[in-house]
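A quick write-up on the structure given underneath.
Here it is, written out as structure tokens:
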């Protein structure tokens, strides 16, 4: 829907490019010089007309036929009348001209009219880029010409006119009409595809509403920077999904240890609940970092190319983000432990939480494809904070001190502290239900 795109008209390409580089717009469309004129020219069947007849008649001529054909179909057919010699030169060198087709009165036409002998014309057509498009255009043109020709009479002659058709086999298809759309290199593949497809559908819908389809190609180009591939754009989400499975692992361990009475024995000692929780959290964080490194190695094999501000921001920023994200997940595991009664239930049941969190946070699917309502929900999820922080560090080339990154890390700290406090209270009931 074009209403989802804010369109701004710029008088020159330089102004549009400057606006894109300043971040005012995400992309701009450039229509080359002559685009409208070519559209207008190709909106009709560009028909060459001439007589290849060597016979003559003092009674008949083709002017009446041509004038009536032109007046009947002037809205859809542009007719150019040339001499026999010119017509044969054009047909034999059609690549140098922009005619779609030619209507030719064949040899013996005038003689046939004089002697009441049936005569014929040939519709010569240029092939399109595909057989389907060629067939559609040809059928459309013949559908207009054939009824007209078969019903036209050169009075007082009783000759009937038959329309033949034949392709001009040595002529290459007309070049597609092209226009360009320029993106900043940082624009995501999802946003690129959305803008490109929407504009293409709108333009094709306006221009190509009948079988005389104008072949239009859209070229994607970059204003600055290299385009980001899908793996690189999706990597922050993929890298967070692996560590999220730690929820299942930790819950299985917690419920298993409770089942074996380990926590009950610990509670009879001087060890406090928060100490038990912290010790488990820090021992499990190592697993999260191992999962992250394995995921990063695999993504690198498939073309992941992280875009970072500096090596310091990459290493330190990723470490802080993954540490806070791990702390949140592990604190959440302790808060959820009382919900599950045994390891079997915990191992499978927790995925009811993991999958929706991953989906809504933009870990699986880019959030740009979400509706506005889903974006609002995602904006308050702690998993989304981690995704945005990693996107800024690994995709948008922002330093760790970038305000949005600090804000999301701060929110992740607050969520983690709240969940940790809740986990301490619930963990006491978990190990001492009575």
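Numbering (the numbering used here), first residue to last: 272 to 705. Think of the CB as a built atom: it goes at the ideal place given N, C-alpha and C, for glycine as much as any other residue.
Using 8 Å as the threshold, is the stretch 405-423 in touch with the stretch 375-387, meaning 3 or more CB pairs across them?
Not touching, per the Cβ criterion.
Across the stretch 575-582 and the stretch 601-614, are there enough close Cβ pairs to call them in contact, namely three or more that are closer than 8 Å?
Short answer: they don't touch.
Is DSSP giving residue 457 helix, strand or coil here?
coil
When we look at the beta-carbon of residue 287 and count the other beta-carbons within 10 Å, is it buried (16 or more) or exposed?
buried
Which residue or residues does DSSP assign as beta-bridge partners of residue 298?
454
Between which two residues does the alpha helix (DSSP H) containing residue 602 stretch?
582-607 is the span of the alpha helix (DSSP H), which, as asked, contains residue 602.
For residue 694, count neighbouring Cβ atoms within 10 angstroms of its own Cβ and tell me buried if that reaches 16, exposed if not.
buried
If you draw a straight line from the C-alpha of residue 482 to the C-alpha of residue 353, how long is it?
No answer about residue 482 holds up, because its pLDDT of 48 lies below 50 and its placement is not dependable.
Identify which residue in 636, 643, 604 has its Cα closest to the Cα of residue 624.
604
Counting C-beta neighbours from all protein chains within 10 Å, is the total for residue 457 16 or more, i.e. buried, or is it exposed?
buried
Quick check on DSSP: helix, strand or coil for residue 389?
coil
Are the CB atoms of residue 455 and residue 297 within a distance shorter than 8 Å?
yes
Please name the residue, chosen from 655, 697, 295, that lies closest to residue 678 on a Cα-to-Cα basis.
655
What three-state label does DSSP hand residue 652 in the structure shown?
coil
Use the C-beta contact count for residue 317: other C-beta atoms within 10 angstroms, 16 or more gives buried, fewer gives exposed.
buried
Measure from the alpha carbon of residue 525 to the alpha carbon of each residue in 606, 560, 490, 645, then state which is nearest.
606
Can you tell me which of the three DSSP states residue 718 falls into?
The structure shown does not extend to residue 718, since the chain spans only 272 to 705, so no value can be given for it.
Report all residues from its chain with a CB closer than 8 Å to the CB of residue 570; omit the five preceding and five following residues, and keep chain order.
502, 506, 509, 510
Taking the beta carbon of residue 366 as the centre, do at least 16 other beta carbons fall within 10 Å, making it buried, or is it exposed?
Burial call: exposed.
Between the alpha carbons of residue 397 and residue 325, how many angstroms are there, rounded?
25 Å
Alpha carbon to alpha carbon, what distance is there between residue 492 and residue 283?
17 Å
Confirm, please, whether the CB-CB distance from residue 628 to residue 660 is below 8 Å.
no
Could you spell out the range, first to last residue, of the beta strand (DSSP E) harbouring residue 321?
316-322
Please report the residue range of the alpha helix (DSSP H) in which residue 407 lies.
Per DSSP, residue 407 belongs to the alpha helix (DSSP H) from 402-422.
Going by the CB atoms, is the gap between residue 319 and residue 361 shorter than 8 Å?
Remark: C-beta atoms of residue 361 and residue 319 approach each other more closely than 8 Å.
Have a look at residue 626 and residue 589 and give me their C-alpha separation to the nearest angstrom.
23 Å
In terms of residue numbering, what span does the beta strand (DSSP E) encompassing residue 491 cover?
487-493
Mind reading off the beta-carbon distance from residue 392 to residue 432? Whole number of angstroms is fine, and I expect it under 8 Å.
6 Å
Thinking just about the alpha-carbon of each residue, which of 489, 621, 599 is nearest to the one in residue 302?
489
Tell me whether residue 433 sits in a helix, a strand or coil according to DSSP, three-state version.
strand
Anyone know if the C-beta pair for residue 608 and residue 683 falls short of 8 Å?
no
Quick check on residue 686: buried or exposed, where buried means 16 or more other Cβ atoms within 10 Å of its Cβ?
With 16 or more other Cβ atoms inside 10 Å of its own Cβ, residue 686 counts as buried.
In terms of alpha-carbon separation, which member of 309, 278, 305, 310 lies closest to residue 226?
Lying before the first or after the last residue shown, residue 226 is absent from the chain, which here runs from 272 to 705.
Taking Cβ positions, are residue 355 and residue 328 nearer each other than 8 Å?
Cβ distance not < 8 Å, so residue 355 and residue 328 don't count as in contact.
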